[in-house]
Amino acid sequence: MKKSMLSTKQSYLMCAVGIVVLFGILMGVCESGMASTYIKGIMMTSCIAIIMTTSLNLTIGVLGQLTLGCCGFEAIGAYSAALLSKLLVANGVAMDPTLRFLLTTLAGGVVACIFGILVGIPALRLHGDYLAIITLGFGEIIRVIIQNLKVAGGMGLDKGAAGQALIGIDRLANLYVVFWITVVTVVLLFMFARSRYGRAVKAIRDDEIAASASGINITYMKVLVFAISAFFAGIAGGIFAQYIGSLNPAMAGWLQSINYVIMVVFGGMGSLTGSIVSAIALTILPELLRAFSTYRMLVYSVALVLIMIFRPQGIFGNWEFSLTKTINKLFYPMKVKAHGKSKQAESTAKAAKDTAKTDETVETAADTKEAQA
2 MKKSMLSTKQ SYLMCAVGIV VLFGILMGVC ESGMASTYIK GIMMTSCIAI
52 IMTTSLNLTI GVLGQLTLGC CGFEAIGAYS AALLSKLLVA NGVAMDPTLR
102 FLLTTLAGGV VACIFGILVG IPALRLHGDY LAIITLGFGE IIRVIIQNLK
152 VAGGMGLDKG AAGQALIGID RLANLYVVFW ITVVTVVLLF MFARSRYGRA
202 VKAIRDDEIA ASASGINITY MKVLVFAISA FFAGIAGGIF AQYIGSLNPA
252 MAGWLQSINY VIMVVFGGMG SLTGSIVSAI ALTILPELLR AFSTYRMLVY
302 SVALVLIMIF RPQGIFGNWE FSLTKTINKL FYPMKVKAHG KSKQAESTAK
352 AAKDTAKTDE TVETAADTKE AQA
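If you read the sequence shown in this note's numbering, its first letter stands for residue 2, the second for the next number, and so on.
#1: Would you kindly report the start and end of the unbroken alpha helix (DSSP H) that includes Asn58?
#2: Taking only three categories from DSSP, how would you classify Tyr198?
#3: Distance, Cα to Cα, Ile217 vs Ala194?
#4: How about Gln314 and Ala82: are their beta carbons less than 8 Å apart?
#5: Report yes if the C-beta distance between Tyr301 and Leu286 is below 8 Å; otherwise report no.
#6: Within a Cβ cutoff of 8 Å, which residues of the same chain sit near Phe293, ignoring the five residues on either side of it in sequence?
#7: Where does Leu176 fall in DSSP's three states?
#8: Could you give the DSSP three-state label for Leu397: helix, strand or coil?
#9: As a quick exercise: from Leu190, Ser196, Lys223 and Leu57, pick the residue whose alpha carbon is nearest that of Ile205.
#10: Reducing DSSP to helix, strand and coil, say where Cys167 ends up.
#11: Under the DSSP definition of a beta bridge, which residues are partnered with Leu248?
#12: If distances are taken between C-alpha atoms only, which option among Ser213, Met53, Ala234 and Leu67 comes closest to Ala280?
#13: Could you check how far apart the C-beta atoms of Thr38 and Leu190 are, in whole angstroms? I think they sit under 8 Å.
#14: So, are the CB atoms of Thr183 and Cys48 less than 8 Å apart?
#15: Would DSSP call Phe139 helix, strand or coil?
#16: Give the C-beta separation of Gly239 and Ala79 to the nearest angstrom, bearing in mind that I take them to be a contact with Cβ-Cβ under 8 Å.
#17: Could you give the distance in angstroms between the alpha-carbon of Gly254 and the alpha-carbon of Ile146?
#18: Note down the Cα distance separating Ile20 from Cys114, rounded to an integer number of angstroms.
#19: Would you say the region 83-102 touches the region 168-179, given that touching needs at least three Cβ pairs under 8 Å?
#20: Hey, quick one: how far does the alpha helix (DSSP H) through Asn260 stretch, first residue to last?
#21: Spatial neighbours of Glu288 within its chain, please: C-beta separation below 8 Å, excluding the five flanking residues on both sides.
#22: Are the CB atoms of Leu67 and Leu132 within a distance shorter than 8 Å?
#23: Measuring CB to CB, does Thr389 end up less than 8 Å from Ile236?
#24: From which residue to which residue does the alpha helix (DSSP H) around Leu103 run?
#25: What do you get for Tyr177, buried or exposed, if any count of 16 or more other CB atoms within 10 angstroms of its CB means buried?
#26: Below 8 Å between beta carbons: does that hold for Leu57 and Ser230?
#27: Pick helix, strand or coil for Glu321, following the three-state DSSP scheme.
#28: How many Å lie between Ala212 and Val63 at the Cα?
#29: Quick check: the Cα distance between Tyr261 and Ser196, rounded to an integer number of angstroms?
#30: In its own chain, which residues sit with a C-beta less than 6 Å from the C-beta of Gly109, not counting the 5 before and 5 after it?
#31: Would you kindly report the start and end of the unbroken alpha helix (DSSP H) that includes Gly93?
#32: Can the beta-carbon of Gly93 be found closer than 8 Å to that of Thr136?
#33: CA-CA distance, Gly73 and Leu104?
#34: Indicate the three-state DSSP secondary structure (helix, strand or coil) for Ala212 in the structure shown.
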């Protein structure tokens, strides 16, 4: 069996170093002026898409339940964070902008998580298309409620040009902070997927009856996954609200949810690596095709169709990138080769020593025989 060059602690350390290096590159690009405001905006949008896609993959890929209402939870988190931010300012609460951003974003995630539990308990008793329809309806209900919600005193929803919109939100989202929120999200979801809870969830996905017979609480695990997914969707919504500075109920529409489902399927259901890559790729691709405004959506659609034809399991399938495995593949053969050469040299030296010893024994025996003669 092939052994790893790195221990578990060394593996974690290498991953941490890789993340810090990536953050250093991000800071270098932004602080040097190489990244324009437009590029920074794409980076911010990519981070939001990564959070949404990885959290949705937990439900679709790991649990195996198709849900189409993720943007409903994103909208709940966005409006909760925005209204709390406005409330803090209106009441004269002095707070560091970054701290207020983190607090309101976390609050948005918690509110979305509560709704996730309330929706998940009855909805997750259904399966397949029925669950998809229920969650799709939930997103539309949230959109309609937001459209018709009125909050007095200018603290809530003000009429915008495109309908009922929440405007005047402080733009507190910082790219560096959002980067670390994204990293924490991915790490937590990855740890959950590899924990005993994650293994139980995968068992439910593979065979629900067998999982129940083995003692796994099916309802509890399903609601737990749904709540975690809703929480991080709310986090993404809080970031979105405080980055854009205004909100519209259309963000809770079914079309936006379908876009995130496409990202999950495109990258590979069950693969967080695939979700990250597809979220970045499908955020950048429409921007690259913006010059071809007439054919942009056609090219985008054809690209997705081709992927589904030639790679129906997604680009990565259920494969996960591992920095440790990559290092082992690069350096372990070299170590084995060097170790093999060392062993070979040692064996050669030992053989030569044994040969010399044998020759010496033969000579001694010959001398003894001559002396006896």
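Every residue gets a Cβ at the ideal spot worked out from N, C-alpha and C, and that includes glycine.
Once the coordinates are examined:
#1: Locating residue 58 in the sequence shown gives position 57, where the first residue counts as 1. It spans Thr38 to Asn58 - the alpha helix (DSSP H) in which Asn58 sits, taken as one unbroken run.
#2: Here residue 198 refers to the residue found at position 197 of the sequence shown. Note: Tyr198 maps to helix in three-state DSSP.
#3: Reading the sequence shown from its first residue, position 216 is the one you call residue 217. Reading the sequence shown from its first residue, position 193 is the one you call residue 194. For Ile217 and Ala194, the distance between alpha carbons rounds to 16 Å.
#4: Within the sequence shown, residue 314 is the residue found at index 313, counting from 1. Within the sequence shown, residue 82 is the residue found at index 81, counting from 1. Against a cut-off of 8 Å, the Cβ pair of Ala82 and Gln314 comes out as no contact.
#5: Stepping through the sequence shown from its first residue, residue 301 is reached at position 300. Stepping through the sequence shown from its first residue, residue 286 is reached at position 285. Yes, the pair counts as a contact, with Cβ atoms nearer than the cut-off.
#6: As a working note, residue 293 is residue 292 in the sequence shown. Leaving aside the five residues that flank Phe293 on each side, the residues in its chain whose CB is nearer than 8 Å to its CB run, in chain order, Val300.
#7: The residue you call residue 176 lines up with position 175 of the sequence shown. Correct three-state label for Leu176: helix.
#8: Nothing can be reported for residue 397: it is not among the residues displayed for the chain, which extend from 2 to 374.
#9: Indexing the sequence shown from 1 puts residue 205 at position 204. Selection Leu190, Ser196, Lys223 and Leu57 evaluated against Ile205 yields Lys223 as nearest (Cα-Cα).
#10: Taking the sequence shown and counting its residues from 1, one reaches residue 167 at position 166. The sequence given here has Leu at residue 167, not Cys. Annotated three-state conformation of Leu167 is strand, per DSSP.
#11: The residue you call residue 248 lines up with position 247 of the sequence shown. According to DSSP, Leu248 bridges with Leu167.
#12: If you number the sequence shown from 1, residue 280 lands on position 279. Per the Cα distances, Met53.
#13: As a first step, residue 38 must be located in the sequence shown, where it is residue number 37. As a first step, residue 190 must be located in the sequence shown, where it is residue number 189. Not really, about 30 Å apart at Cβ, beyond 8 Å.
#14: If you number the sequence shown from 1, residue 183 lands on position 182. If you number the sequence shown from 1, residue 48 lands on position 47. For Thr183 and Cys48, yes; Cβs fall inside 8 Å.
#15: Counting from 1 along the sequence shown, the entry for residue 139 is found at position 138. Phe139: helix per DSSP, three-state reduction.
#16: Walking along the sequence shown from the start, residue 239 turns up at place 238. Walking along the sequence shown from the start, residue 79 turns up at place 78. With a Cβ gap of about 6 Å, Gly239 and Ala79 count as contacting.
#17: In the sequence shown, the residue the question calls residue 254 occupies position 253. In the sequence shown, the residue the question calls residue 146 occupies position 145. Spanning the two alpha carbons is a distance of roughly 12 Å.
#18: In the sequence shown, the residue the question calls residue 20 occupies position 19. In the sequence shown, the residue the question calls residue 114 occupies position 113. Roughly 28 Å between the two C-alpha positions.
#19: yes
#20: One-based indexing of the sequence shown puts residue 260 at position 259. Element bounds for Asn260: Trp255 to Gly268.
#21: For the purposes of this step, residue 288 is identified with residue 287 of the sequence shown, where counting begins at 1. Same-chain partners within the cutoff: Ile43.
#22: By one-based count along the sequence shown, residue 132 stands at place 131. By one-based count along the sequence shown, residue 67 stands at place 66. Going by C-beta atoms, Leu132 is nearer than 8 Å to Leu67.
#23: Examination of residue 389 is not possible in this model, given that the chain is present from 2 through 374 alone.
#24: What you label residue 103 is simply residue 102 of the sequence shown in a count that begins at 1. That run of the alpha helix (DSSP H) goes Pro98 to Ala124.
#25: As a first step, residue 177 must be located in the sequence shown, where it is residue number 176. Counting Cβ neighbours within 10 Å, Tyr177 comes out exposed, since fewer than 16 surround it.
#26: Taking the first residue of the sequence shown as 1, we reach residue 57 at position 56. Taking the first residue of the sequence shown as 1, we reach residue 230 at position 229. Result yes, Cβ atoms of Leu57 and Ser230 sit closer than 8 Å.
#27: Mapped onto the sequence shown, residue 321 falls at position 320. It is coil, neither helix nor strand.
#28: Locating residue 212 in the sequence shown gives position 211, where the first residue counts as 1. Locating residue 63 in the sequence shown gives position 62, where the first residue counts as 1. C-alpha separation (whole angstroms): 14 Å.
#29: Translated into the one-based positions of the sequence shown, residue 261 becomes position 260. Translated into the one-based positions of the sequence shown, residue 196 becomes position 195. Going by the C-alpha atoms only, they are around 25 Å apart.
#30: Working through the sequence shown from its first residue, we reach residue 109 at position 108. Taken in chain order, the residues that qualify are Gly78, Ser81, Ala82, Gly235, Gly238 and Gly239.
#31: Position 92 of the sequence shown, counting from 1, holds the residue named residue 93. Note, Gly93: premise wrong, no alpha helix (DSSP H); not H, not E.
#32: For the purposes of this step, residue 93 is taken as the residue at position 92 of the sequence shown. For the purposes of this step, residue 136 is taken as the residue at position 135 of the sequence shown. No; because the gap between Cβ atoms is not below 8 Å, this pair is not in contact.
#33: Position 72 of the sequence shown holds residue 73. Position 103 of the sequence shown holds residue 104. In a straight line, the C-alpha of Gly73 is about 21 Å away from that of Leu104.
#34: Within the sequence shown, numbered from 1, the residue matching residue 212 stands at position 211. Ala212: helix per DSSP, three-state reduction.
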